[in-house]
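Some notes on the structure that comes next.
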Amino acid sequence: MKKPLIIFLTIFIIIVQAGFSAQAQAKKEEKPFAIAIHGGAGTMSKAYLTPEKEKAYKAKLKQAVDTGYMVLKKGGSSVDAVIAAIRILEHSPLFNAGKGAVYTYEETHELDASIMEGKTLNAGAVAGVSKIKSPIQLAKLVMDKSEHVMLSGQGAEQFAQSQGVKLIDNHWFDTESRYKSLQEAKQIILQKDASLMEQPVDYKFGTVGAVALDRNGDLAAGTSTGGMSAKRFGRIGDSPIIGAGTYANNDSCAVSATGHGEYFIRYHVAADICARVQYLKKSVHEAATTVIQEVLKPAGGNGGVIVIDTQGEIATVFNTEGMYRAVRAYKQDAKVAIYK
Ligand code: ASP
């Protein structure tokens with residue numbers, strides 16, 4: 002064989018081999034990514050959840066989890082995936098967040114939301130906002146563009162305006178079904194001691210949340226809610242409280258909670274689950290089950306959580322009849338569920 006031909010062939014083989022090994026390396030290094038979402042936990046009576054309604058809930062949950070998954074697939078951050086999924090649920094009247102938020106005792110809407118990034122432990126939250134279409138997006142602005150972690154009420158709305166967010170009329174959040182629930186809740190409250198703000202036992206929750214792991218191995222969690230029906234006196238639940246309703250830390254896991262907020266605050270549920278993962282080396286499933294079933298339930302706290310760790314392991318745990326939820330594990334189709 003001629004010398005130039007030998008040289009050409011040698012170079013050609015080296016290039017092809019290099020190409021193959023780069024491909025193999027990339028495959029080996031491809032990290033799993035995954036997402037889980039919830040749309041609230043509580044009593045899901047068959048009378049309320051007709052087959053048509055169940056179909057509508059499941060379709061919306063699937064749309065939200067698929068949207069978040071696509072963000073991750075394209076290389077987007079876990080924070081962006083969480084926001085994308087939650088925004089879809091906020092814009093659906095089916096859930097108690099954004100449009101469809103429950104009413105306060107005074108027949109208005111006050112919304113809470115929070116977001117946390119597991120890599121930096123940066124977090125942002127808003128509480129008691131009434132003119133913000135997407136509270137989760139404002140929470141992200143608080144995280145990214147302010148020195149603070151939590152802003153509330155009118156101050157939060159002033160901050161929103163300073164960031165170019167348009168304020169909307171509170172009536173935008175109105176829905177007939179939530180108005181009916183308020184009237185029912187008021188009846189029950191009036192029969193009891195109103196000052197205690199006791200909630201009806203079969204209270205239906207409807208908060209939304211998401212947790213995600215991205216291709217960089219970073220975790221994020223977010224939660225958005227209208228709070229509890231017939232709430233008064235500027236009551237704030239666990240959803241905007243970092244460590245109670247939302248928590249993310251790359252050293253352990255990411256959690257979004259839903260349920261009777263007062264209990265989730267007192268038992269700092271989200272942070273407790275992550276602490277058990279980090280220090281007791283429990284799996285996300287073990288840690289979440291202990292906190293929700295063995296700590297919260299005996300104390301009288303109803304609700305549930307979605308949890309994800311840095312390997313993409315997901316746990317969905319609740320002590321209520323059901324929890325609207327959807328998960329999409331790495332390279333798998335979405336799985337949507339409501340009951341146990
Ligand atoms: N945790 C929310 C709150 O207490 C309610 C819910 O999850 O439905 O405000």
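Numbering (our numbering), first residue to last: 2 to 341. C-beta: ideal position from N, C-alpha, C; glycine also.
Item                                                                                                                                                               : Value
Return helix, strand or coil for R233, following the three-state DSSP convention.                                                                                  : coil
Give the straight-line distance between the Cα atoms of P201 and T224, rounded to the nearest whole angstrom.                                                      : Unreliable positioning characterises P201 in this predicted model, as indicated by a pLDDT of 49, which lies under 50. The coordinate reading is nonetheless provided below. One C-alpha to the other measures close to 23 Å.
Nearest CA to the CA of I190: which residue from T105, Y325, S78, V296?                                                                                            : T105
Using only alpha-carbon positions, find the residue among E107, H92, Q18, G129 that is nearest to G40.                                                             : H92
Quick check: what's the CA-CA separation for G206 versus T226?                                                                                                     : With the sequence shown as reference, residue 206 is identified as Phe, and Gly is not the correct amino acid for it. Rounded to whole angstroms, F206 to T226 spans 9 Å at the Cα level.
Okay, do the stretch 123-137 and the stretch 81-97 touch, 3+ Cβ pairs below 8 Å being the bar?                                                                     : yes
Between Q188 and W173, what straight-line distance do the alpha-carbon atoms span, to the nearest angstrom?                                                        : 25 Å
How close, in whole Å, do the beta carbons of A102 and G125 come, if the pair is a contact with beta carbons under 8 Å?                                            : 19 Å between Cβ atoms; not a contact.
Can you check the stretch 156-218 for any alpha helix (DSSP H) of at least 4 residues that lies completely inside it and give the ranges in chain order?           : 177-192
Taking the alpha-carbon positions, what's the K298 to N320 distance?                                                                                               : 7 Å
Return the first residue and the last residue of the alpha helix (DSSP H) that H149 is part of.                                                                    : Unbroken run through H149: none, as it is neither H nor E.
Return the chain-ordered list of same chain residues with a C-beta closer than 6 Å to the C-beta of Y70, the five sequence neighbours on each side being excluded. : I36, R329
At the level of alpha carbons, what is the spacing between G43 and G302?                                                                                           : 11 Å
Can you tell me whether L281 is buried or exposed, with buried defined as 16 or more other CB within 10 angstroms of its CB?                                       : exposed
Using beta-carbon positions only, say whether D113 and G99 come within less than 8 Å of one another.                                                               : no
Is the closest heavy atom of ligand 3 to the C-beta of M117 under 7 Å?                                                                                             : With respect to small molecules bound, the structure shown includes ligand 1 and not ligand 3.
Looking only at C-alpha atoms, which of I116, Q279, A271 sits nearest to V292?                                                                                     : A271
Is any heavy atom in ligand 1 found nearer than 7 Å to the beta carbon of T121?                                                                                    : no
Quick one: what does DSSP say Y340 is sitting in, helix, strand or coil?                                                                                           : strand
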